[in-house]
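Chemist: I have a structure I would like to understand better, so I am pasting it below and will then ask my questions one at a time.
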Amino acid sequence: MPYQPIENYGVVGDMHTVALVGMNGSIDWFCFPRFDSPSVFAAILDDEKGGRFRITPTCEGITYKQFYWPETNVLVTRFLASDGVGEIMDYMPVGLSADDQSRHQLIRRVHVVRGSMPFRMECCPAFNYARDTHVTELEDTGVCFHSAELSLGLGTSQQLKQCDNGVSAEFTLREGETQFFVFGKVERDSGCRVLLAAPKADELVNKTIDYWRHWLAQCTYRGRWREMVHRSALVLKLLTYQPTGAIIASPTTSLPETLGGERNWDYRYTWIRDAAFTVYGLMRIGFSEAAAEFMNWVEARCHELEPDGSLQIMYGIDGRHKLTEEILGHLEGYRGSRPVRIGNGAYDQLQLDISGELMDSVYLYNKYGSPISYDLWRHLRRLVNWVCDNWHRKDEGIWEVRGGQQHFVYSKVMCWVAVDRALRLADKRSFPADRDRWTKVRDEIYEQVMTKGWNQNRNAFVQHYGSNALDAANLMMPLVFFLSPTDPRTLRMLDAIMQPPSRGGLVANSLVYRYNVGETADGLSGEEGSFNMCTFWLVEALTRASRSDRRLLEKARITFEEMLGYANHLGLYAEETGHSGEALGNFPQAFTHLALISAAFNLDRALGANG
């Protein structure tokens with residue numbers, strides 16, 4: 014098959030961009046120089062046109078293995094055959110000084126550890142999402158690729174041959190031999206000067222390994238699922254844009270939520286709603302500095318409120334506001350899943366929940382991190398007043414539906430959270446606030462949700478007022494303390510959600526669907542997989558509810574353990590899981606790994622030392 018399964022990929026990066034590396038040794042997604050830059054390799058979105066950088070054995074009978082160098086984001090892909098064992102170590106150097114010329118390079122170290130192995134290398138870039146042509150210039154030290162906007166070079170000591178859109182090389186390594194390939198930016202007139210001497214390359218990989226291990230050493234989690242929590246933390250760090258502290262939702266675009274479907278979105282941006290989960294997840298396991306960096310990015314956005322005091326739902330990693338959506342009709346999409354989109358048209362939607370997630374994150378950071386400034390409070394006060402003026406409106410909701418606005422229950426709950434956390438913060442810090450008005454609005458929202466959001470027939474809170482459909486987003490109600498986790502309504506909602514879809518529920522084989530697409534007019538066609546982060550939300554809701562019934566704690570643990578089994582071989586998750594356990598949607602997804610951290614922390618604490 015020309016396309017690898019999404020779950021067959023690992024990811025390496027330098028907190029500016031990442032590369033997806035397949036088990037077959039092919040880099041099929043790489044944007045440069047930033048996460049949201051146009052792609053250079055995009056074979057994952059079009060096998061013929063997208064471009065790739067592949068190094069793979071040419072012998073028969075290969076078994077493929079892949080793992081991360083312990084406690085790092087350095088990836089090793091192994092090839093095992095009867096005549097030899099070879100491997101590729103892929104990494105992007107980190108922890109270097111600002112003037113180090115090795116920054117922002119992609120380094121591939123090919124090595125044979127037993128016998129001998131023949132390899133073929135193909136480097137065929139396709140600049141600007143395969144829209145721009147380029148000129149290939151062979152040199153003694155490698156090759157340069159010049160497009161209209163960008164020049165990149167591949168440094169190597171191998172003899173290269175020019176092919177259709179790039180270069181190739183065939184070589185054989187024997188036991189103990191190593192070959193480097195270094196891919197990075199070059200100046201148009203200076204030639205291809207990205208080749209590293211072996212001692213320099215060894216020094217770089219050692220620095221990179223030390224950086225990741227030193228960073229991970231901050232982690233305070235010592236629970237049962239330490240390895241998975243560590244991997245999730247390392248993924249979140251990879252998805253952080255270092256210059257601003259922003260964390261992207263995912264480094265890919267348009268990987269489908271169902272094969273052949275239209276639910277394909279660009280996730281290379283930062284959602285405000287991720288703020289609360291990010292700050293909570295990172296601070297719970299000791300990464301206070303990373304949480305502070307992200308809070309700095311959030312505070313900068315609060316200084317850019319709209320004239321009416323509102324906030325956008327998402328921004329570019331550099332803080333830009335406009336994320337115009339565009340369809341790339343010349344790309345066929347992953348396994349024919351059109352359209353391929355860049356930009357995200359949801360950026361100007363009304364999603365009332367984001368104010369709640371933002372205020373929750375600020376409240377948590379003020380409590381567990383550093384006290385917030387008065388200047389930030391002035392902006393937050395404007396935002397809370399906007400919520401008081403607008404909470405009663407319909408919106409598109411957390412799932413960014415394109416089927417029309419509704420009174421989504423989750424959105425109302427998070428409006429309550431926004432006002433509630435603002436009141437708590439004002440009291441804790443003695444900040445000036447319109448307490449009487451805020452208290453009145455908070456109570457009004459609560460009463461309305463309890464009256465209009467609860468469906469007696471379903472015995473549960475539903476997706477929106479007047480709906481009969483369940484929504485996994487409502488699992489957050491006990492997690493944000495809108496309801497007690499042991500409230501009878503919470504327990505009945507959990508019972509309803511945990512029914513299989515055939516009986517009106519949202520859970521199949523311990524996997525949670527965000528809603529039933531047959532019951533919800535979301536404006537899109539086709540099906541979708543289960544949402545991984547929703548499964549972790551269920552684990553946490555069950556964990557908290559187990560205070561009244563210890564049997565729920567066992568259910569939470571089994572669900573969590575089964576969910577861990579749906580990670581790929583490296584411990585990475587896409588946005589969704591398909592009916593056959595396959596990864597669907599953009600990959601890897603930050604929100605899923607944040608939810609894993611939170612669920613692991615709370616479940617481990619509930620189980621205790623002898624659980």
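First residue of the sequence shown? That's 14 in the numbering used here, and the numbers climb one at a time after it.
Note that CB positions come from ideal geometry on N, CA and C, so glycine has one too.
According to DSSP, is Thr90 part of a helix, a strand, or is it coil?
Modeler: To locate residue 90, count along the sequence shown from 1; it is residue 77. If DSSP states are grouped into helix, strand and coil, Thr90 belongs with the strands.
Chemist: In its own chain, which residues sit with a C-beta less than 7 angstroms from the C-beta of Arg201, not counting the 5 before and 5 after it?
Modeler: For the purposes of this step, residue 201 is taken as residue 188 along the sequence shown, with counting starting at 1. Taken in chain order, the residues that qualify are His159, Ser164.
Chemist: Would you decide whether Pro264 is buried or exposed? Buried here means 16 or more other CB atoms lie within 10 Å of its CB.
Modeler: Sequence index remark: in the sequence shown, residue 264 carries index 251 (1-based). Per the 10 Å Cβ criterion, buried.
Chemist: Around the Cβ of Thr337, are there at least 16 other Cβ atoms within 10 angstroms (buried) or fewer (exposed)?
Modeler: Translated into the one-based positions of the sequence shown, residue 337 becomes position 324. Burial state of Thr337 is exposed, judged by a 10 Å Cβ sphere holding fewer than 16 other Cβ atoms.
Chemist: Compare the beta carbon distance of Gly97 and Arg127 with 8 angstroms and say whether it is the shorter of the two.
Modeler: Taking the first residue of the sequence shown as position 1, residue 97 is located at position 84. Taking the first residue of the sequence shown as position 1, residue 127 is located at position 114. Using a Cβ distance threshold of 8 angstroms, Gly97 and Arg127 count as a contacting pair.
Chemist: DSSP on Ala596, reduced to helix/strand/coil?
Modeler: Counted from its first residue, the sequence shown places residue 596 at position 583. Strand.
Chemist: Name the one or two DSSP bridge partners that Glu152 has.
Modeler: Taking the sequence shown and counting its residues from 1, one reaches residue 152 at position 139. Note: Glu152 is bridge-paired with Gly155 in the DSSP secondary-structure output.
Chemist: Going by other Cβ atoms of all chains shown within 10 Å of its Cβ, with 16 needed for buried, is Asn581 buried or exposed?
Modeler: Translated into positions along the sequence shown, residue 581 becomes position 568. Classification of Asn581: buried, given that the 10 Å Cβ count is 16 or more.
Chemist: Let's test the definition: count the other Cβ atoms within 10 Å of the Cβ of Cys401 and tell me whether it reaches 16, buried, or not, exposed.
Modeler: Counting from 1 along the sequence shown, the entry for residue 401 is found at position 388. Cys401 is buried by the Cβ-count criterion.
Chemist: Kindly indicate the opening and closing residues of the beta strand (DSSP E) around Arg65.
Modeler: Position 52 of the sequence shown, counting from 1, holds the residue named residue 65. 65 to 70 is the span of the beta strand (DSSP E), which, as asked, contains Arg65.
Chemist: Hey, how far is the Cα of Leu585 from the Cα of Arg244?
Modeler: Sequence index remark: in the sequence shown, residue 585 carries index 572 (1-based). Sequence index remark: in the sequence shown, residue 244 carries index 231 (1-based). Roughly 8 angstroms between the two C-alpha positions.
Chemist: Assign His227 to one of three DSSP states: helix, strand, or coil.
Modeler: Within the sequence shown, numbered from 1, the residue matching residue 227 stands at position 214. Three-state result, His227: helix.
Chemist: Between Ala313 and Ala259, what straight-line distance do the alpha-carbon atoms span, to the nearest angstrom?
Modeler: For the purposes of this step, residue 313 is taken as the residue at position 300 of the sequence shown. For the purposes of this step, residue 259 is taken as the residue at position 246 of the sequence shown. Approximately 11 angstroms between the Cα atoms of the pair.
Chemist: Using 8 angstroms for Cβ pairs, my map puts Thr221 next to Val87. What's the rounded Cβ distance?
Modeler: As a position in the sequence shown, residue 221 is number 208, starting the count at 1. As a position in the sequence shown, residue 87 is number 74, starting the count at 1. So it is a contact: roughly 6 angstroms between Cβ atoms.
Chemist: Please report the straight-line C-alpha distance between Tyr234 and Phe444, rounded to a whole angstrom.
Modeler: Stepping through the sequence shown from its first residue, residue 234 is reached at position 221. Stepping through the sequence shown from its first residue, residue 444 is reached at position 431. Cα to Cα, the separation comes out at about 34 angstroms.
Chemist: Check for me: the beta strand (DSSP E) holding Gln79 runs from which residue to which?
Modeler: For the purposes of this step, residue 79 is taken as residue 66 along the sequence shown, with counting starting at 1. From DSSP, the beta strand (DSSP E) with Gln79 extends over 76 to 81.
Chemist: Per DSSP, what are the beta-bridge partners of Gln362 in this structure?
Modeler: For the purposes of this step, residue 362 is taken as residue 349 along the sequence shown, with counting starting at 1. Its beta-bridge partners do not exist; DSSP assigns none.
Chemist: Report yes if the CB atom of Ser39 is closer than 8 angstroms to the CB atom of Thr69, and no otherwise.
Modeler: The sequence position of residue 39 within the sequence shown is 26, counting from 1. The sequence position of residue 69 within the sequence shown is 56, counting from 1. Against a cut-off of 8 angstroms, the Cβ pair of Thr69 and Ser39 comes out as a contact.
Chemist: What separation, rounded to the nearest whole angstrom, lies between the Cα atoms of Asn277 and Ser52?
Modeler: Locating residue 277 in the sequence shown gives position 264, where the first residue counts as 1. Locating residue 52 in the sequence shown gives position 39, where the first residue counts as 1. Rounded to the nearest angstrom, the two C-alpha atoms are 17 angstroms apart.
Chemist: Taking the CB atoms as reference points, tell me whether Val107 and Arg187 lie closer together than 8 angstroms.
Modeler: Reading the sequence shown from its first residue, position 94 is the one you call residue 107. Reading the sequence shown from its first residue, position 174 is the one you call residue 187. No; because the gap between Cβ atoms is not below 8 angstroms, this pair is not in contact.
Chemist: Three-state secondary structure (DSSP) at Ser115?
Modeler: Reading the sequence shown from its first residue, position 102 is the one you call residue 115. Note: Ser115 maps to coil in three-state DSSP.
Chemist: With DSSP collapsed to three states, give me the class of Gln255.
Modeler: Here residue 255 refers to the residue found at position 242 of the sequence shown. Three-state result, Gln255: coil.
Chemist: Is DSSP giving Ser52 helix, strand or coil here?
Modeler: Counting from 1 along the sequence shown, the entry for residue 52 is found at position 39. Reduced to three states, the DSSP call for Ser52 is strand.
Chemist: Please classify Gly273 as buried or exposed, where buried requires at least 16 neighbouring CB atoms within 10 angstroms.
Modeler: On the sequence shown, position 260 is the one that residue 273 refers to. Burial call: exposed.
Chemist: Verify whether the separation of the beta carbon atoms of Leu483 and Arg502 is less than 8 angstroms.
Modeler: As a working mapping, residue 483 is identified with position 470 in the sequence shown. As a working mapping, residue 502 is identified with position 489 in the sequence shown. Taking 8 angstroms as the Cβ cut-off, Leu483 and Arg502 do not qualify as a contacting pair.
Chemist: Which residues mark the beginning and the end of the alpha helix (DSSP H) in which Cys428 is found?
Modeler: Translated into the one-based positions of the sequence shown, residue 428 becomes position 415. 422 to 442 is the span of the alpha helix (DSSP H), which, as asked, contains Cys428.
Chemist: Under the DSSP definition of a beta bridge, which residues are partnered with Met102?
Modeler: Along the sequence shown, read from residue 1 onward, the residue named residue 102 stands at position 89. Met102 is bridged to Val89, Arg122.
Chemist: The alpha helix (DSSP H) with Leu371 in it runs from where to where?
Modeler: Taking the sequence shown and counting its residues from 1, the one referred to as residue 371 is at position 358. Segment 367 to 381, the alpha helix (DSSP H) holding Leu371.
Chemist: Can you have a look at Ser350 and say buried or exposed, based on whether 16 or more other CB atoms are within 10 angstroms of its CB?
Modeler: The residue labelled residue 350 in the question sits at position 337 within the sequence shown. So Ser350 counts as buried.
Chemist: Between which two residues does the alpha helix (DSSP H) holding Arg406 run?
Modeler: By one-based count along the sequence shown, residue 406 stands at place 393. Careful: Arg406 lies outside any alpha helix (DSSP H) and carries neither H nor E.
Chemist: Between Asn379 and the rest of its own chain, which residues show a CB-CB distance below 8 angstroms, the 5 nearest in sequence each way excluded?
Modeler: Position 366 of the sequence shown, counted from the first residue, corresponds to residue 379. For Asn379, where only same-chain residues beyond five positions count, the Cβ hits under 8 angstroms are Ile385, Leu438, Lys441, Arg442.
Chemist: Tell me whether the beta-carbon of Ile355 lies closer than 8 angstroms to the beta-carbon of Asp279.
Modeler: Against the sequence shown, residue 355 aligns to sequence position 342. Against the sequence shown, residue 279 aligns to sequence position 266. A contact, by the Cβ cut-off of 8 angstroms.
Chemist: Report all residues from its chain with a CB closer than 6 angstroms to the CB of Asp59; omit the five preceding and five following residues, and keep chain order.
Modeler: The residue given as residue 59 occupies position 46 in the sequence shown. Excluding sequence neighbours, Asp59 sits near Leu344, Glu345.
Chemist: For Ala554 and Phe474, I'd like the C-alpha separation in whole angstroms.
Modeler: What you label residue 554 is simply residue 541 of the sequence shown in a count that begins at 1. What you label residue 474 is simply residue 461 of the sequence shown in a count that begins at 1. CA-CA distance, Ala554 to Phe474, rounds to 14 angstroms.
Chemist: In terms of alpha-carbon separation, which member of Glu589, Ala558, Leu504, Arg564 lies closest to Met546?
Modeler: The sequence position of residue 546 within the sequence shown is 533, counting from 1. Cα-wise, what sits closest to Met546 is Glu589.
Chemist: Pick from Gly518, Pro514, Asp321: whose alpha carbon is nearest that of Asp508?
Modeler: On the sequence shown, residue 508 is found 495 positions in, with the first residue counted as 1. Residue Gly518 is the option with its Cα nearest to Asp508.
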